[in-house]
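Right, one structure below, let's go through it.
Number of protein chains: 2
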Amino acid sequence: MKSLRIEPLAGYTPTIGRLVCVLAYARQTLLAAVEGLSREDLDHLHDARSNSIGALLAHAAAVERWYQALTFEDRELSASEAATWSAALELGDEGRRQLRGREPHSYVDELAGTRKVTLAALAKRDDAWLERPLAAAPELNAHWAWFHVAEDEINHRGQIRWLRARLH
Amino acid sequence: MKSLRIEPLAGYTPTIGRLVCVLAYARQTLLAAVEGLSREDLDHLHDARSNSIGALLAHAAAVERWYQALTFEDRELSASEAATWSAALELGDEGRRQLRGREPHSYVDELAGTRKVTLAALAKRDDAWLERPLAAAPELNAHWAWFHVAEDEINHRGQIRWLRARLH
Numbered sequence: 001m002k003s004l005r006i007e008p009l010a011g012y013t014p015t016i017g018r019l020v021c022v023l024a025y026a027r028q029t030l031l032a033a034v035e036g037l038s039r040e041d042l043d044h045l046h047d048a049r050s051n052s053i054g055a056l057l058a059h060a061a062a063v064e065r066w067y068q069a070l071t072f073e074d075r076e077l078s079a080s081e082a083a084t085w086s087a088a089l090e091l092g093d094e095g096r097r098q099l100r101g102r103e104p105h106s107y108v109d110e111l112a113g114t115r116k117v118t119l120a121a122l123a124k125r126d127d128a129w130l131e132r133p134l135a136a137a138p139e140l141n142a143h144w145a146w147f148h149v150a151e152d153e154i155n156h157r158g159q160i161r162w163l164r165a166r167l168h
Numbered sequence: 001m002k003s004l005r006i007e008p009l010a011g012y013t014p015t016i017g018r019l020v021c022v023l024a025y026a027r028q029t030l031l032a033a034v035e036g037l038s039r040e041d042l043d044h045l046h047d048a049r050s051n052s053i054g055a056l057l058a059h060a061a062a063v064e065r066w067y068q069a070l071t072f073e074d075r076e077l078s079a080s081e082a083a084t085w086s087a088a089l090e091l092g093d094e095g096r097r098q099l100r101g102r103e104p105h106s107y108v109d110e111l112a113g114t115r116k117v118t119l120a121a122l123a124k125r126d127d128a129w130l131e132r133p134l135a136a137a138p139e140l141n142a143h144w145a146w147f148h149v150a151e152d153e154i155n156h157r158g159q160i161r162w163l164r165a166r167l168h
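Structure representation (structure tokens):
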């Protein structure tokens, strides 16, 4: 069951705990939005410019990895990471070409593995860190960065719901 | 310019200030997503089951009013309020019928007027209130309720961006 509270959580400093509630809620609703979809459903392109639902799931995992580097390692993606993740980060033509043919569980597993790393890293940090500007991007603080991960996921969840309603 | 920080804000208790950053960011990006659209654009229906972009803007204002009643007045909408807002809250056929023909500024003005009420009420409350379960819906706390207002707006902003990219 989805938690409808935002509050401190055991294992995290108070404001990080509230943020983890937000991240968890966004993720639960994303997974609910794709539950039961087949590989064909995940690969389906609504029109020539649409991203598939599968590509949007790969995008969510790639955005989270990008923000892991930015906030936990104080760096941008390396050239080889950027090459690996560019189709999922940028979507569009490359996304339509590369992000298809995967089994449904592979998207969910990738999201779960990525989230595990995020939560372990957040558990080691504190609220002062969360508010500090990022060394690799001083116009943002870590709290905004992690809110943005949830926000981007929610934005695309809205598109996924719209696309799913028109699948069959 | 959009603020890329989440942090306490003057005039609000610390956690409410961080929440206001989230609400403001969601709203700025919603307004940016519809900037420059004409009345015809706002009324356009992509397909027979789509909501217009204008209807999604009316929805955002209606959801915010609903959560004002729930969190600031500890009550559900009255029957007459529910009747007034039902097309915007529920969208679908009634939304397609009722929510059209409005001037673009009327949506923006409605959102701004609604937000003004929200911010004035949040400025009078504190972080203990924010975390407390709602009297009218004890499974939620006020923090989740107001996060959800932003979250629903971000979800539909994702749809608005998708719809806008296919307008002409």
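Protein chains in written order, with my numbering: chain B, 1 to 168; chain U, 1 to 168. Backbone N, C-alpha and C fix where the C-beta goes; we use that ideal spot for every residue, glycine too.
Using the Cβ count rule (16 or more neighbours within 10 Å means buried), how would you classify residue i?
| i | result |
| --- | --- |
| VAL22 (chain B) | buried |
| ARG166 (chain U) | exposed |
| ALA10 (chain U) | exposed |
| GLN184 (chain B) | Chain B is shown from 1 up to 168; residue 184 (chain B) falls before or after that span and cannot be answered. |
| ALA128 (chain U) | exposed |
| SER52 (chain U) | buried |
| HIS105 (chain U) | exposed |
| ALA87 (chain U) | buried |
| ALA79 (chain B) | exposed |
| ALA55 (chain U) | buried |
| VAL20 (chain B) | buried |
| VAL117 (chain B) | exposed |
| HIS168 (chain U) | exposed |
| ALA26 (chain B) | buried |
| GLU153 (chain U) | buried |
Just the C-alpha distance for residue i and residue j, rounded to the nearest angstrom, thanks.
| i | j | result |
| --- | --- | --- |
| ASN155 (chain U) | HIS156 (chain B) | 7 Å |
| GLN159 (chain U) | TRP162 (chain B) | 7 Å |
| GLU40 (chain U) | ARG102 (chain U) | 9 Å |
| ARG125 (chain B) | ASP93 (chain B) | 38 Å |
| ALA14 (chain U) | HIS44 (chain B) | The question names Ala, but residue 14 (chain U) in the sequence shown is Pro. Answer to the nearest angstrom: the Cα atoms are 45 Å apart. |
| ASP74 (chain U) | GLU81 (chain U) | 15 Å |
| MET1 (chain B) | GLU139 (chain U) | Low confidence applies to MET1 (chain B): its pLDDT is 48, below 50, so where it sits in the model is not reliable enough to give any reading. |
| VAL34 (chain U) | ALA58 (chain B) | 27 Å |
| TYR12 (chain U) | GLU90 (chain B) | 37 Å |
| PRO8 (chain B) | ARG115 (chain B) | 19 Å |
Among the options, which residue has its Cα nearest to the Cα of residue i?
| i | options | result |
| --- | --- | --- |
| ALA24 (chain B) | B:ASP41, B:ILE6 and B:THR13 | B:ILE6 |
| THR84 (chain U) | U:ARG75, U:ASP74 and U:GLY95 | U:GLY95 |
| ALA142 (chain U) | U:GLU40, U:TYR67, U:GLY17 and U:HIS168 | U:TYR67 |
| ARG18 (chain B) | B:PHE72, B:LEU119, B:ALA69 and B:GLU90 | B:LEU119 |
| LEU42 (chain B) | B:LEU77, B:ARG100, B:THR13 and B:ARG115 | B:ARG100 |
| PHE72 (chain U) | U:LEU89, U:SER38 and U:ALA123 | U:ALA123 |
| LEU77 (chain B) | B:LEU4, B:ALA137 and B:GLY36 | B:ALA137 |
Determine which residues share a DSSP beta bridge with residue i and list them.
| i | result |
| --- | --- |
| PRO133 (chain B) | B:ASN141 |
Decide if the region 43–59 of chain B is in contact with the region 120–138 of chain B; the criterion is three or more beta carbon pairs, one per stretch, under 8 Å apart.
-> No: fewer than three Cβ pairs fall under 8 Å.
Please determine if the region 30–45 of chain B and the region 104–124 of chain B are in contact, where contact requires at least 3 C-beta pairs separated by less than 8 Å.
-> yes
How about the region 63–79 of chain U and the region 140–155 of chain U: do they share at least three Cβ pairs that are nearer than 8 Å?
-> By the Cβ criterion, the region 63–79 of chain U is in contact with the region 140–155 of chain U, since at least three pairs of Cβ atoms, one from each stretch, lie closer than 8 Å.
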